[in-house]
Amino acid sequence: MIAIQSLTRRVFLRQLGTTSLAIAVFGLSACSTSSDPGDAPVTQPDATNQPLEPPPSAPSATTNRPVETTAVPTSLPPVSYRRVNLGFVSAYILVRSGSAAIVDTGVAGSAPDIEAGLAAVGLGWKNVEHLILTHRHDDHVGSVDAVLAGAVSAVSYAGEAEIDRIPSPVPIVAVGDGDEVFGLQIINTPGHTDGHISVLDPVGGILVAGDALNGAGGGIIGANPQYSSDMETANESVKKLAGLSFDTILFGHGEPVEGGAQVLLAELAAGL
Ligand SMILES: [Zn+2]
């Protein structure tokens, strides 16, 4: 058997020659199940130059075993986001294919601003399928009632330790590490509160950090010690987030960092 681990697919096919046509055809069909553009080199992951998580389109055409179709992630488009700037705090509308997930609701009285944010991206309450609450503080859950009065079909989510402390007209679903909502990964980021969660769109590279991080003049700082219950744990959560792959971070407080956010967060985490 020839060594194919580090070959591009084209070289792979050329070296196979005509007698291995069946395998070559298999290789092509395996690639066609992903969103991989046909001309991209197909190489084995290089441990020194690889994101922590494999890209969703990573094909396995360089192996000879059958592709397990259940292991191929669904190809979702990235979410786009709309910031609802409520003054000292922000809520976020994450949009994908005409549907929305809202992350946090701001203080009481914020629902009209959130509704205006939805309208600005061509949506309304009826398009809101999910309401994700990063944590229980009033400036994040103050408008849960009003948002759910509009978004009547939305399902609500929060970290398990928060749920009993969040006033909500409907039951809230407990989520944490390993859970997925709207194609978004839920990440436990305790410390600011014990059940704080963050939200990652792995396709678009957007991290919604709630109050696990704060924006500060275009930069990033950790949880606010004045309002956090356990700073040691909060700093561990910062390090945990720094190990993820993203380009943009959206904060509960402060201006979003768009582009290069992972590098900035890694620098912050290294100093903790
Ligand atoms: Zn908070």
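Sequential numbering of the sequence shown, starting at 0, is according to numbering that gives the first Met the number 0.
Virtual Cβ for every residue (Gly too), placed ideally from N, Cα, C.
(request) Check whether the Cβ of GLU235 lies closer than 8 Å to any Cβ atom in chain C. (result) Checking the listed chains, one finds no chain C in this structure; it contains a single protein chain.
(message) Under 7 Å: does the beta carbon of ASP200 sit that close to some heavy atom of ligand 1?
(response) No.
(message) Between HIS139 and ligand 1, is there a pair consisting of the residue's CB and a ligand heavy atom that are separated by less than 7 Å?
(response) It does: the Cβ of HIS139 is within 7 Å (strictly closer) of some heavy atom of ligand 1.
(message) For a quick check, are the C-beta atoms of GLU235 and GLY190 less than 8 Å apart?
(response) Taking 8 Å as the Cβ cut-off, GLU235 and GLY190 qualify as a contacting pair.
(message) For a quick check, are the C-beta atoms of GLY86 and THR133 less than 8 Å apart?
(response) No. Outside cutoff.
(message) Less than 6 Å between C-beta atoms, sequence neighbours within five positions excluded: which residues of the same chain meet that for LEU249?
(response) The residues are TYR91, VAL207 and PRO255.
(request) Identify every residue that forms a DSSP beta bridge with LEU183. (result) DSSP lists VAL180 as partners of LEU183.
(request) Provide the residue span of the alpha helix (DSSP H) that contains THR232, from first to last. (result) 230-241 is the extent of the alpha helix (DSSP H) around THR232.
(request) Return yes when the Cβ of ASP138 is within less than 8 Å of the Cβ of VAL106, no when it is not. (result) Their beta carbons are under 8 Å apart, which means VAL106 touches ASP138 by this criterion.
(request) Please classify ILE165: does DSSP put it in a helix, a strand, or coil? (result) Residue state, collapsed to three classes: coil.
(request) Report yes or no: do the segment 211-220 and the segment 144-160 share at least 3 C-beta pairs separated by less than 8 Å? (result) These segments do not touch.
(message) Less than 7 Å separating the Cβ of HIS134 from some heavy atom of ligand 1?
(response) True, at least one ligand heavy atom lies under 7 Å from that Cβ.
(message) Can you tell me which residues form a DSSP beta bridge with LEU212?
(response) LEU212 is bridged to GLY221.
(message) Using a 10 Å radius around the Cβ and a threshold of 16 neighbouring Cβ atoms, would you call TYR226 buried or exposed?
(response) TYR226 is classed as exposed because its beta carbon has fewer than 16 other beta carbons within 10 Å across all chains shown.
(message) In this structure, how does DSSP classify ALA291 when only helix, strand and coil are distinguished?
(response) Because the chain is modelled from 0 through 271, residue 291 falls outside the range shown and cannot be assessed.
(request) Compare the Cα-Cα distances from ARG81 to each of HIS129, SER74 and ALA100 and report the closest residue. (result) It is ALA100 whose Cα lies nearest to the Cα of ARG81.
(message) Can you tell me whether GLY253 is buried or exposed? The criterion is at least 16 other CB atoms within 10 Å of its CB, across all chains shown.
(response) The C-beta of GLY253 has 16 or more other C-beta atoms within 10 Å across all chains shown, which makes the residue buried.
(request) Under 8 Å Cβ to Cβ from LEU264, same chain only, skipping five residues before and after it: list those, please. (result) Cβ neighbours of LEU264 beyond the five flanking positions: LEU212, ILE219, VAL237, LEU240, ALA241 and ILE248.
(request) State the CB to CB distance for the pair GLY221 and LEU271, rounded to an integer number of angstroms; the pair is presumed to be in contact (CB under 8 Å). (result) The pair is a contact, with the Cβ atoms about 7 Å apart (cut-off 8 Å).
(message) Could you check whether the Cβ of ASP193 sits closer than 7 Å to any heavy atom belonging to ligand 1?
(response) For ligand 1, not one heavy atom lies less than 7 Å from the Cβ of ASP193.
(message) Quick check: SER167 and SER155, are their CB atoms within less than 8 Å of each other?
(response) Yes, the Cβ-Cβ distance between SER167 and SER155 is below 8 Å.
(message) Taking its Cβ as the centre, do 16 or more other Cβ atoms sit within 10 Å of ARG95, making it buried, or is it exposed?
(response) Buried.
(request) Report yes if the C-beta distance between ILE113 and VAL146 is below 8 Å; otherwise report no. (result) In contact: ILE113 and VAL146 (Cβ atoms closer than 8 Å).
(message) According to DSSP, ASN126 sits in a beta bridge with which residue or residues?
(response) Bridge partners of ASN126: none, in fact.
(message) Considering only DSSP beta bridges, list what PHE245 is partnered with.
(response) For PHE245, DSSP assigns no beta-bridge partner whatsoever.
(message) Can you tell me whether PRO111 is buried or exposed? The criterion is at least 16 other CB atoms within 10 Å of its CB, across all chains shown.
(response) Exposed, because fewer than 16 other Cβ atoms sit within 10 Å of the Cβ of PRO111.
(request) Report buried or exposed for CYS30, applying the criterion of at least 16 other Cβ atoms within 10 angstroms of its Cβ. (result) With a pLDDT of 36 at CYS30, under the threshold of 50, the modelled position of this residue cannot be trusted; read the value that follows with caution. Buried, because 16 or more other Cβ atoms sit within 10 Å of the Cβ of CYS30.
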